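A.B. asks: At position 30 of the sequence shown (counting the first as 1) the number is 181 in our numbering, and the numbers step up by one without a gap.
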Amino acid sequence: MTLLLPAADGVADHVQRCLPDARIIRYGDADGMELADVTFYCLPYMGDAASRALIARMPRLRVLQSLSSGVDDVLGAVPPGVTLCNGRGLHHEESTAELAVTLILASLRQLPLFVRQQSQAQWGHIRTESLDGKRVLLVGHGAIGVAIENRLSPFGASVKRVSRTACSGVAPLSQLAALAATADVLVLCIALADSTRGLVDADVLAALPDGALVVNVARGPVVDAAALASELKSGRLRAALDVTNPEPLPSQRPEWTLPNLLLTPHIGGDTFAFARRAPQLVADQAARHLAGEELLNIVVPVSA
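#1: For the segment 290-367, which segments carrying the alpha helix (DSSP H) assignment without a break, of at least 4 residues, lie completely within its bounds, in sequence order?
#2: How would you label C318, buried or exposed, when you count the other beta carbons within 10 angstroms and need 16 or more for buried?
#3: Can you look up R286 in the DSSP assignment and give me helix, strand or coil?
#4: Measuring CB to CB, does R286 end up less than 9 Å from A322?
#5: Are the beta-carbon atoms belonging to C193 and Q216 less than 9 Å from one another?
#6: Residues in the same chain with beta-carbon distance under 7 Å from D361, minus the five sequence neighbours each way, listed in chain order, please.
#7: Is it a yes or a no for the segment 363-375 touching the segment 326-345, going by three-plus beta-carbon pairs under 8 Å?
#8: Got a sec: does the ligand HEM put a non-hydrogen atom nearer than 8 Å to the Cβ of L205?
#9: Between A228 and E280, what straight-line distance do the alpha-carbon atoms span, to the nearest angstrom?
#10: Measuring alpha carbon to alpha carbon, tell me which of A429, A353, S270, D393 ends up nearest A257.
#11: Taking the CB atoms as reference points, tell me whether L226 and V450 lie closer together than 9 Å.
#12: Within 10 angstroms of the Cβ of N411, are there 16 or more other Cβ atoms? Answer buried if so, exposed if not.
#13: Rounding to the nearest angstrom, what Cα-Cα distance links H243 and S220 in this structure?
#14: For R348, which of D188, A187, Y178, D224 has the nearest alpha-carbon?
#15: Are P459 and L218 close, meaning C-beta to C-beta below 9 Å?
#16: Judging by CA-CA distance, which residue of A248, F306, A308, L235 is the nearest neighbour of L446?
#17: Figure out for me which residue from G307, A158, T247 has the closest Cα to the Cα of A294.
#18: Can you tell me the Cα-Cα spacing of Q326 and R211, whole angstroms?
#19: Using the Cα positions of M152 and A201, report the straight-line distance between them to the nearest angstrom.
#20: When the Cα atoms are used, what is the spatial distance from D435 to F265?
#21: Return the CA-CA distance between E249 and L155, expressed in angstroms with no decimal places.
#22: Can you check the segment 358-435 for any beta strand (DSSP E) of at least 3 residues that lies completely inside it and give the ranges in chain order?
#23: I need the straight-line Cα distance from Q268 to P157, nearest angstrom please.
#24: In its own chain, which residues sit with a C-beta less than 6 Å from the C-beta of D164, not counting the 5 before and 5 after it?
#25: At 3 residues or longer, what runs of the beta strand (DSSP E) sit wholly inside the segment 161-207?
#26: Assign A455 to one of two classes, buried (16 or more other C-beta atoms within 10 Å of its C-beta) or exposed (fewer than that).
#27: Does D133 pass the burial test, meaning 16 or more other C-beta atoms within 10 Å, or should it be called exposed?
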């Protein structure tokens with residue numbers, strides 16, 4: 152069995168120790184290597200188009216393993232006969248939820264302002280907002296949404312939920328604008344799909360109360376970027392974004408200089424906890440593939 156694996160975080164080395172008879176090609180060496188025999192490819196975490204382009208050089212590929220929970224950037228590159236698996240269980244849910252709450256608290260307590268003041272040796276005391284009593288609307292109620300809600304509860308915030316799949320206590324997306332009108336904080340943690348691309352448009356943003364905070368830890372294209380930028384420039388809304396459209400955010404974009412916007416560079420799931428767990432997941436998946444056993448975290452099952 153030939154595997155193409157990332158060297159980062161010790162993934163390739165760990166799998167080699169677990170499967171000493173496997174032939175392993177490290178991702179950094181792939182450009183000069185023949186990949187026709189590769190049957191298992193683990194994409195590098197936060198990989199780019201070049202990492203996906205290698206798939207075309209693997210006619211015998213059978214398993215495509217992502218280390219991310221979201222695989223919207225990979226779906227279009229999965230060939231027939233290949234099973235796609237994601238990185239569920241690598242602490243993405245917990246880490247992303249932590250960041251979502253961090254962004255909310257940092258924005259409400261004006262931490263970016265105080266960082267700017269510190270850099271100028273200014274002591275500018277102001278009164279800030281508490282999360283206690285805030286009305287939070289979660290857009291998406293999968294594993295990440297549930298983890299966010301669990302972390303919000305001790306702060307005294309009230310939570311409402313909308314999702315693609317409505318159930319008890321979770322409203323359908325058709326009610327998003329109506330519920331947005333009652334939200335102090337709108338948190339986006341929904342998967343990117345055709346039905347959610349541009350979901351948070353000008354109408355949804357306009358429905359939010361003055362001063363509301365938009366937090367996006369989902370994917371950039373879930374939000375109409377131009378509509379959000381317009382609301383931010385007017386000063387009516389605030390935002391904290393871990394994801395943008397496109398990524399990286401071009402340096403000429405106005406978002407960089409808006410004082411009511413907190414930006415982080417898509418760090419939601421990328422923690423040392425993830426790095427500790429990734430090598431073992433890949434080793435387990437490779438061993439299952441080698442033994443012909445059912446894989447974990449299947450997103451796209453093998454197709455004819």
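Yeah, the Cβ is synthetic: ideal placement off N, Cα and C, and Gly gets one too. Source: prediction; values computed, not measured.
C.D. replies: Working from what's here:
#1: 294-303, 327-331, 353-358
#2: Per the 10 Å Cβ criterion, exposed.
#3: strand
#4: no
#5: Closer than 9 Å, so yes.
#6: Excluding residues within five positions, the ones whose Cβ falls inside 7 Å are R387.
#7: yes
#8: With respect to small molecules bound, the structure shown includes none, and the ligand HEM cannot be examined in it.
#9: A228 and E280 have their C-alpha atoms some 45 Å from each other.
#10: D393
#11: yes
#12: buried
#13: Cα-Cα distance, rounded: 7 Å.
#14: D224
#15: Outside the modelled stretch of the chain, which goes from 152 to 455, sits residue 459, for which no answer is possible.
#16: L235
#17: Looking at the Cα atoms, T247 is the closest of the given residues.
#18: 46 Å
#19: 23 Å
#20: 46 Å
#21: 32 Å
#22: 364-367, 389-392, 412-414
#23: CA-CA distance, Q268 to P157, rounds to 41 Å.
#24: none
#25: 174-177, 189-193
#26: Reliability of the predicted coordinates at A455 is poor, the pLDDT of 38 falling under 50, and no value is obtained from them.
#27: Because residue 133 is not part of the residues shown, which for the chain are 152 to 455, the question remains open.
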